[in-house]
Ligand SMILES: Nc1ncnc2c1ncn2[C@@H]1O[C@H](COP(=O)(O)OP(=O)(O)OP(=O)(O)O)[C@@H](O)[C@H]1O
Ligand SMILES: [Mg+2]
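Protein chains in written order, with the UniProt record's numbering: chain C, 1 to 224; chain E, 1 to 353.
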């Protein structure tokens, strides 16, 4: 079973007068089957936390462990493989390749990772749940912000990751869609046994999460 | 290839413009090299026809056969073999009897026992039977068989009895005749018997006296008046065009890469390997260059059909292929900077916000 742990993470940017403590004293742990929601206002360190969780950024101090293995100890190549195979990212922006149709966004994953992607049946149900089955031959610029975000979620799930990390996945969605995405994330965690971590300032997702944290000025506290 | 093809399909206008620009540059390179070869050919067609390997003339002539004057004593010291020929070469004017207009030619006097004379191939007529008969280059189209002509400073009337092709020497059409007429046509006294010796032997001619000097083929051609300057000019133009295309390709690819940097960064964040993205840029560049060079080659072929006869072009397929390969390599060199940028992308840069 997949576990993801942050131990005493600290992240600072710049130095001297301009030094910014983006994250301080972060301890966090999750496992497959859990939907975690980290709430925080703009500039509180949400994106920084998420990229450290996904091994994109190294913390100034502290350890990131996936399945009890220190991410910092892995080679660049191994970390890349980890991202491709184990971690699905839904980022705040630019998620989709502008010159590929929605269908081809998935084909691209097949190109670099031909095996172990989600089954055809799972894929069908994911795109049905996200309501994007009719958008397959459109280019990203022909999608609304919410549609693009839903495609990005499907794209992140396509590689069958054991961890799904999402940065503001509901920013452009109306309340109905937020409920659907909340339900979907819950299913992804519970039924598909993945660890889901979502950072957001969207409190509408609260009711679907197993654990809720608050991030304020780079410090995290668990509220549920 | 998957990303590259989709990208080109998606952004047709932009890629068409890039391909058009590079295609036109390669067209220009093809045409200029054909022109360079064509002009070089006008200088050396006769020399190549003789299978020349080396040449010998007087030292004073400075490598220019047209100024060389050999005396009988010089010639006697050189024991000529079957693959060496005595020639008398001089620039001259020709005009038809009774006609005032003149054409510039190179008169080349030969002996009938030498290989150049014996190897002459005619497209019509026959070889000269006596020393008042000449054969002329097919490019000398103001004259035809059986015309009576006057050559150079000689008052004798010569009869055209044959036409031959590939007879160009130092940008002028050739009139072949008897060596004995060379001195009167050139207007020198008959103590001078020839301008020099041409050899098709692999071993270079050796000067038998210190009044004479032997040249290998390359030096002989480089000493043709104006030849070297022409070759240098064209080499310079072609190198410059290749340099320009390198810069254009680099700039295009650089701009394209910079514009899609955020998307590439996200792909890196999602674990798409560096290698895949770099290979994709490589493939994309190769595709652009192959299409561009093919368009350039197509335009060149089309031009070759319609270009007026008067324009000296010469299409050498091996050389053109070499240029095409050179263009492809140039394009891939242009991709180096973008590939380096991609390899250095930091995925985190796009994630904040
Ligand atoms: N590369 C960086 N260099 C310097 N400072 C940075 C960098 N990345 C983030 N920061 C700073 O760290 C803090 C946290 O940034 P972060 O992007 O994590 O916030 P966020 O919670 O995601 O905000 P938002 O909701 O607006 O996306 C901010 O003060 C930001 O200015
Ligand atoms: Mg953010």
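C-beta: ideal position from N, C-alpha, C; glycine also.
Report, in whole angstroms, the separation of the C-beta atoms of residue i and residue j, which I expect to be a contact under 8 Å.
i                      : j                      : result
residue 123 of chain E : residue 58 of chain E  : That belief does not hold up - the Cβ atoms of residue 123 of chain E and residue 58 of chain E are roughly 34 Å apart, past 8 Å.
residue 112 of chain C : residue 276 of chain E : 5 Å
residue 80 of chain E  : residue 247 of chain E : Wrong, their Cβ atoms sit about 55 Å apart, outside the cutoff.
residue 31 of chain E  : residue 300 of chain E : 6 Å
residue 212 of chain C : residue 26 of chain C  : At roughly 16 Å, the Cβ-Cβ gap does not stay under 8 Å, so residue 212 of chain C and residue 26 of chain C are not in contact.
residue 262 of chain E : residue 94 of chain C  : 4 Å
residue 218 of chain C : residue 45 of chain C  : 4 Å
residue 41 of chain E  : residue 312 of chain E : 7 Å
residue 90 of chain E  : residue 66 of chain E  : 6 Å
residue 101 of chain C : residue 138 of chain C : 6 Å
residue 279 of chain E : residue 345 of chain E : No, residue 279 of chain E and residue 345 of chain E are not in contact; Cβ-Cβ is about 15 Å, not under 8 Å.
Considering just the uninterrupted stretch of the beta strand (DSSP E) at residue i, what are its terminal residues?
i                      : result
residue 172 of chain E : 172-178
residue 25 of chain C  : 20-31
residue 198 of chain C : 195-200
residue 215 of chain C : 211-216
residue 64 of chain C  : 61-66
residue 222 of chain C : 219-222
residue 90 of chain C  : 87-90
residue 163 of chain C : 163-167
residue 36 of chain C  : 35-39
Against residue i, what residues of chain D qualify as contacts under a CB-to-CB distance less than 7 Å, listed in chain order?
i                    : result
residue 6 of chain E : No chain D is part of this structure, whose protein chains are labelled C and E.
According to DSSP, what are the bridge partners of residue i?
i                      : result
residue 251 of chain E : For residue 251 of chain E, which the question treats as bridged, DSSP gives no partner whatsoever.
residue 15 of chain C  : Residue 15 of chain C is not bridged to any residue.
residue 159 of chain E : E/133, E/148
residue 6 of chain C   : C/28, C/64
residue 92 of chain E  : E/105
residue 164 of chain E : E/122, E/137
residue 69 of chain C  : C/66
residue 169 of chain E : E/172
Span of the alpha helix (DSSP H) holding residue i?
i                      : result
residue 49 of chain C  : 46-53
residue 322 of chain E : 317-334
residue 99 of chain E  : Note, residue 99 of chain E: premise wrong, no alpha helix (DSSP H); not H, not E.
residue 207 of chain C : Segment: none, residue 207 of chain C is in no alpha helix (DSSP H) and carries neither H nor E.
residue 262 of chain E : 261-269
residue 306 of chain E : 274-306
residue 314 of chain E : Careful: residue 314 of chain E lies outside any alpha helix (DSSP H) and carries neither H nor E.
residue 9 of chain E   : 2-10
**Request:** Would you list, in sequence order, the uninterrupted beta strand (DSSP E) runs of no fewer than 3 residues that lie entirely inside the stretch 22-86 of chain E?
**Result:** 54-58
**Request:** Kindly confirm or deny that the stretch 64-84 of chain C and the stretch 138-155 of chain C touch, where touching means at least three C-beta pairs closer than 8 Å.
**Result:** no
**Request:** List in chain order: all unbroken alpha helix (DSSP H) runs of 4+ residues lying wholly within the stretch 101-140 of chain E.
**Result:** 115-119
**Prompt:** Taking contact to mean at least 3 C-beta pairs separated by less than 8 Å, is the stretch 38-52 of chain E in contact with the stretch 148-157 of chain E?
**Reply:** no
**Message:** Suppose only complete runs of 4+ residues qualify. What are the alpha helix (DSSP H) ranges in the stretch 186-241 of chain E, listed by chain order?
**Reply:** If we require 4 residues or more, the alpha helix (DSSP H) runs fully inside the stretch 186-241 of chain E come out as 217-222.
**Message:** Using a Cβ distance threshold of 8 Å, determine whether the stretch 208-222 of chain E contacts the stretch 207-221 of chain C, with at least three qualifying pairs required.
**Reply:** no
**Message:** Can you confirm whether the stretch 4-14 of chain C touches the stretch 61-68 of chain C when touching is taken to mean that 3 or more C-beta pairs between the two stretches lie within less than 8 Å?
**Reply:** Short answer: they touch.
**Inter-stretch contact at 8 Å, needing at least 3 Cβ pairs: the stretch 173-188 of chain E / the stretch 17-25 of chain E** = no
**Prompt:** Counting Cβ pairs closer than 8 Å, one from the stretch 25-45 of chain E and one from the stretch 230-246 of chain E, do we hit at least three?
**Reply:** yes
**contact_flag[the stretch 330-339 of chain E, the stretch 252-260 of chain E] where n(CB pairs < 8 Å) is 3 or more** = yes
**Message:** Three Cβ pairs or more, each shorter than 8 Å: is that satisfied between the stretch 269-284 of chain E and the stretch 117-127 of chain C?
**Reply:** no
**Request:** Determine contact between the stretch 93-105 of chain E and the stretch 71-80 of chain E, defined as no fewer than three beta-carbon pairs at a distance below 8 Å.
**Result:** no
**Asked** What are the complete beta strand (DSSP E) segments, minimum 3 residues, inside the stretch 91-179 of chain C?
**Response** Listed in chain order, they are 163-167.
**Prompt:** Any chance the stretch 51-60 of chain C sits against the stretch 2-21 of chain E, with 3 or more Cβ pairs inside 8 Å?
**Reply:** no
**Prompt:** If we count Cβ pairs, one from each stretch, closer than 8 Å, do we get three or more for the stretch 30-40 of chain C versus the stretch 193-207 of chain C?
**Reply:** yes
**Message:** Below 8 Å, how does it come out for the stretch 104-122 of chain E and the stretch 168-176 of chain E: are there three or more Cβ pairs, yes or no?
**Reply:** yes
**Sufficient close CB pairs (3 or more, under 8 Å) joining the stretch 142-151 of chain E to the stretch 124-134 of chain E** = yes
**Item:** Cβ contact (3+ pairs, closer than 8 Å) linking the stretch 83-103 of chain C and the stretch 264-275 of chain E
**Value:** Contact between the stretch 83-103 of chain C and the stretch 264-275 of chain E is present, because at least three Cβ pairs lie under 8 Å.
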